[in-house]
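Chains as they are written, first to last, in our numbering: chain A, 599 to 841; chain B, 786 to 897. Glycine included, C-beta positions come from ideal geometry on N, C-alpha and C. Below is one structure; the comments refer to it alone.
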Amino acid sequence: MDATLIRRIAQDRAARRGVALVTALDDAATTALVATDGADMGAALPAPVRDAACTAIRQDQATNIEAEGRRWFINVFAPRPRLIVIGAVHIAQALAPMAAAVGYDMAVIDPRGAFLTPDRFPGVTARIAWPEDALPEIGLDPASALLALTHDPKLDDPALTLALDAPLFYIGALGSTRTHAKRVARLEEAGFDAGRISRIHAPVGLAIGARTAPEIALSILSEVVAVRRLGSAGALRQRPPKG
Amino acid sequence: MTGGSHTATGDDVLGAALDWRGQGVGVALATVVSTWGSAPRLPGSQMAVAADGRFAGSVSGGCVEGAVIEAAQACIAGAAPKLMDFSVGDDQAWAVGLACGGRLEVWVERLD
Numbered sequence: 599m600d601a602t603l604i605r606r607i608a609q610d611r612a613a614r615r616g617v618a619l620v621t622a623l624d625d626a627a628t629t630a631l632v633a634t635d636g637a638d639m640g641a642a643l644p645a646p647v648r649d650a651a652c653t654a655i656r657q658d659q660a661t662n663i664e665a666e667g668r669r670w671f672i673n674v675f676a677p678r679p680r681l682i683v684i685g686a687v688h689i690a691q692a693l694a695p696m697a698a699a700v701g702y703d704m705a706v707i708d709p710r711g712a713f714l715t716p717d718r719f720p721g722v723t724a725r726i727a728w729p730e731d732a733l734p735e736i737g738l739d740p741a742s743a744l745l746a747l748t749h750d751p752k753l754d755d756p757a758l759t760l761a762l763d764a765p766l767f768y769i770g771a772l773g774s775t776r777t778h779a780k781r782v783a784r785l786e787e788a789g790f791d792a793g794r795i796s797r798i799h800a801p802v803g804l805a806i807g808a809r810t811a812p813e814i815a816l817s818i819l820s821e822v823v824a825v826r827r828l829g830s831a832g833a834l835r836q837r838p839p840k841g
Numbered sequence: 786m787t788g789g790s791h792t793a794t795g796d797d798v799l800g801a802a803l804d805w806r807g808q809g810v811g812v813a814l815a816t817v818v819s820t821w822g823s824a825p826r827l828p829g830s831q832m833a834v835a836a837d838g839r840f841a842g843s844v845s846g847g848c849v850e851g852a853v854i855e856a857a858q859a860c861i862a863g864a865a866p867k868l869m870d871f872s873v874g875d876d877q878a879w880a881v882g883l884a885c886g887g888r889l890e891v892w893v894e895r896l897d
């Protein structure tokens, strides 16, 4: 294998771009890189292998595939996944150590400096700023998830507006079904169609019966992990009827 | 080493491989491509081996590293890339106290 490919992997990872290294496991050892931005390097690959590589990058999961009579191994070099949280609220506090434990970087954005203090959020990237100012700076890439947790349209809506235009792998918003219906109406007013708005997971989190802030954080993080690893959390979102 | 742990260590292994290559030393990369049963390192885990005996990373809990390093040295010396298949019978693994009672495949290839 050409060391140039390894150098390119290092560059892509530094720039938070996922990349897959694809190798045919035979004497010819054909090698290629597939990047999420569509830029390839090395040998031309059969279409099913290329597609599998893109899926593997998204799920951050190495995999094997048979194509054109050859066995291919797809290794993934993904940037660390990241949670971008709008609102330095109680749930965000509970989320911070859990996110770190499962290997996610976390950034919290809140213009309210009284909420976003170092002692409430030790070890977390903190931006005391409005979401519309901080988000473009942080960057909304395919390895990032955005969580709008303030309940406050002044803060959540601008963040969601930017999120819906970005290639994030997950967007979630806190709030009841009724709160979300109002949010949907506002976003429709702002010009987003129903299909795009449906990218927002709301009410956020899996239906595990969470009540406390740490339980809600757990349900949110579980959903983020499920979407990243499985592509969808649909089968895990069944909510029991209210009773 | 897929997921977070994979990517956390992957950097160092590839970084070491590039460093050694930059020093003009021959380098081979070994990569776990599949595992069955209990295996301590997930598919994607890598080990870089230099011609002068240095190595970084791992492909198992230490059970197969010796054989992989040997194959890596052969690749550096010009042998074709190789898919190595390690089956560790449960009894055998238990007897020598290995963590992996399963099976793993490791791809070994020279870095040019």
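- Here A811(A) carries a helix assignment [DSSP, helix/strand/coil].
- Under the 7 Å criterion on CB atoms, L623(A) is classed as interfacial with respect to chain B.
- The DSSP assignment places 661-665, 668-675, 680-684 as complete runs of the beta strand (DSSP E) inside the segment 641-693 of chain A, in order along the chain (cut-off: 3 residues).
- For the segment 675-687 of chain A, residues whose beta-carbon sits nearer than 8 Å to a beta-carbon of chain B comprise F675, A676, P677, R678, P679.
- In the three-state DSSP reduction, L603(A) falls in the helix class (H, G or I).
- Near chain B, meaning a CB-to-CB distance below 8 Å, the residues of the segment 653-664 of chain A are D658, Q659, A660, T661, N662.
- Of all residues in the segment 792-821 of chain B, those with a C-beta nearer than 9 Å to a C-beta of chain A are T792, A793, G795, D796, L799, G800, A802, L803, R806, G807, V812, L814, T816, V817, V818, S819, reading in chain order.
- Residues of the segment 816-838 of chain A with a C-beta atom less than 8 Å from some C-beta of chain B do not occur.
- Across the set D755(A), F767(A), E666(A), T759(A), the C-alpha of D755(A) shows the shortest separation from the C-alpha of T777(A).
- Here the segment 801-821 of chain B lies against the segment 835-846 of chain B, with 3 or more beta-carbon pairs under 8 Å apart.
- For R794(A), the closest of V802(A), A805(A), V782(A) by C-alpha to C-alpha distance is V782(A).
- Going by C-alpha positions, A824(A) is about 13 Å away from P679(A).
- Residue environment for D600(A): exposed (fewer than 16 other C-beta atoms within 10 angstroms of its C-beta).
- Closer than 8 Å at the C-beta level to chain B, one finds these residues of the segment 686-719 of chain A: V700, G701, Y702.
- Straight through space, the alpha carbons of R648(A) and T634(A) are spaced by roughly 10 Å.
- Taking the beta carbon of R605(A) as reference, the chain B residues within 8 Å of it are L803, listed in sequence order.
- For G793(A), the enclosing alpha helix (DSSP H) begins and ends at 792-795.
- Chain B places a beta carbon closer than 7 Å to that of F671(A), counting this residue as a contact.
- The CB of L868(B) comes closer than 7 Å to the CB of L623 in chain A, given here in chain order.
- Here L733(A) has L760 as same chain residues with Cβ atoms under 6 Å from its own Cβ, once five neighbours each way along the sequence are excluded.
- At least 7 Å separates the CB of A852(B) from every CB of chain A.
- Among the CB atoms of chain B, none fall inside 7 Å of the CB of D739(A).
- For H749(A), the three-state secondary structure derived from DSSP is coil.
- Unbroken beta strand (DSSP E) runs of no fewer than 3 residues, entirely contained in the segment 812-867 of chain B, are found at 812-821, 831-835, 840-842, following chain order.
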